[in-house]
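Q: Have a look at the structure that comes next, please.
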Amino acid sequence: MSWNSPSQSRRRFEAIVKSAYDGIISVGLDQRIRMMNDAAMAMFGVTSAAGPLLLETLLPVRFRARHLEYIHEFMASETASRPMQLRGAVIGLRADGTEFPLEVSIAKIQVGSDTEVVAVMRDISERVHMIQDLQIAATVDVLTQALNRRALMEAAQTEFSRSVRFGRAMSVLLFDIDYFKTVNDRFGHAAGDVILKSVVDRARTVLREVDLLGRWGGEEFVAILLELDEDGATRCAERLRQAVASTMFSLADGRAAVPITISVGIATRTEAVGTVDELLARADAAMYRAKNAGRNRISS
């Protein structure tokens, strides 16, 4: 867009953008901000008392050099306008140092004899959080916050393929809470839910950050142990069993604390194990051997 009279064009331009709902800034070729509407000032937490700003002050340091290159490329192109978030959200920097995601479109304008870049911005923090929440809901068991069965299977398949391709060790623990039905029948399902969550929390104190933990179903859980052979997996399984057995688990109403044990099946990928389903089936069979041998033990 362009206007003939510099003063008239500036007044008209500022009048248009001042009341806009979206944040709008105009930047000169020297990267100084010529104009910033109220919505943009509120978005970035800056005040008019701050004086003229450089565009880079609205960006995290790690993005500034690349952003400057991007603007120079845009100004040298024949493109009049373009969105900036095609490769992901633009990250803005508030005056208080916090970062937030932005949806940004930029355009070249001619104000009198000057060429400026106008950026129209929208804070998409709520949208990003909503998407993240949906992604979590699709992959995480609501009660225990472990991976749900579908997400666990996808992760197990990915790690199994990587293990085969690179010849790396991989083991699986499948563990079940002993006599869980008795807990539910005696203390109620609310108490059972507390036990499920507490066992998962206890398991996380034993597992490494790289390991994956998911709820297989009911009171059964699976831990995927990356780059651990049978000996390493056996040691991990025993630590897990001991960690649970040595804990008194408080119930929902605080009226009682009960001992809980688990039975753990161990399976390690070998050349004889052709699929992740077979690996999990072996862990499941080993877990039932532990159950049949008296519970509160591990088996491979």
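Residues 12 to 311 (my numbering) are what the sequence shown spells out, left to right. For each residue, glycine too, the CB sits at the ideal point set by N, CA and C. All values derive from a computational prediction rather than experimental measurement.
Helix, strand or coil: how does DSSP classify R179 here?
A: Looking at R179 - three-state DSSP - the assignment turns out to be coil, as it is neither helix nor strand.
Q: Can you tell me whether V321 is helix, strand or coil according to DSSP?
A: Past the edges of the chain, shown from 12 to 311, lies residue 321, and the structure says nothing about it.
Q: Give the straight-line distance between the Cα atoms of A53 and T216, rounded to the nearest whole angstrom.
A: Cα to Cα, the separation comes out at about 43 Å.
Q: Buried or exposed: which applies to M86, given that a residue is buried once 16 or more other Cβ atoms fall within 10 Å of its Cβ?
A: Flag for M86 reads exposed.
Q: How should M132 be labelled, buried or exposed, when 16 other C-beta atoms within 10 angstroms of its C-beta is the threshold for buried?
A: Counting Cβ neighbours within 10 Å, M132 comes out buried, since at least 16 surround it.
Q: By Cβ distance, which residues of its chain are closer than 7 Å to K208, with the 5 residues on each side in sequence left out?
A: Result list for K208: L154 and T155, in chain order.
Q: Could you check if E230 belongs to the surroundings of the ligand PLP, using beta carbon to heavy atom distance under 7 Å?
A: You won't find the ligand PLP in this model; it holds no ligand whatsoever.
Q: When the Cα atoms are used, what is the spatial distance from R213 to G229?
A: The alpha-carbon atoms of R213 and G229 are separated by roughly 17 Å.
Q: With DSSP run on the structure shown, which of helix, strand or coil describes D41?
A: Correct three-state label for D41: coil.
Q: Following the continuous beta strand (DSSP E) through I118, name the residue where it begins and the one where it ends.
A: In the sequence on display, residue 118 carries Ala and not Ile. Looking at the DSSP string, the run of the beta strand (DSSP E) that includes A118 is E110 to V122.
Q: CB-CB under 6 Å to L139, same chain, minus the five flanking residues each way: which ones, in chain order?
A: Note that residue 139 corresponds to Val in the displayed sequence, not to Leu. Same-chain partners within the cutoff: P112.
Q: Please list, in chain order, all residues of the same chain as E170 whose beta carbon is under 7 Å from its beta carbon, the five residues on each side excluded.
A: M181, I235 and L237.
Q: Using only alpha-carbon positions, find the residue among A201, S116 and D152 that is nearest to P94.
A: For P94, the nearest C-alpha among the options comes from S116.
Q: Given A51, which residues of its chain have a CB within under 7 Å of its CB, disregarding the five upstream and five downstream residues?
A: If we look at A51 and ignore the five residues flanking it on each side, its Cβ neighbours are G34, I35, I36 and M132.
Q: Across which residues does DSSP place G225 in a beta bridge pair?
A: Partner(s): L158 and V233.
Q: How about A294 and G276: do their beta carbons lie closer than 8 Å?
A: Yes, the pair counts as a contact, with Cβ atoms nearer than the cut-off.
Q: Take the Cβ of M141 as the centre, count every other Cβ of all protein chains shown within 10 Å, and call the residue buried at 16 or more, exposed below.
A: Classification of M141: exposed, given that the 10 Å Cβ count is below 16.
Q: List the endpoints of the continuous beta strand (DSSP E) containing I277.
A: Residues I273 to T279.
Q: From W227 to L158, what does the alpha carbon distance come to, in whole angstroms?
A: Between W227 and L158, the C-alpha separation is close to 9 Å.
Q: Restricting to Cα atoms, I'd like to know which of R43, I44, N48 and V38 is closest to V28.
A: Closest option to V28, Cα to Cα, is N48.
Q: Could you check the C-alpha separation between A297 and K192 for me, to the nearest Å?
A: So the two alpha carbons sit approximately 21 Å from each other.
Q: Our contact map puts F55 next to A106 with C-beta atoms below 8 Å; I'd like the distance itself, whole angstroms only.
A: That pair is a contact at about 6 Å.
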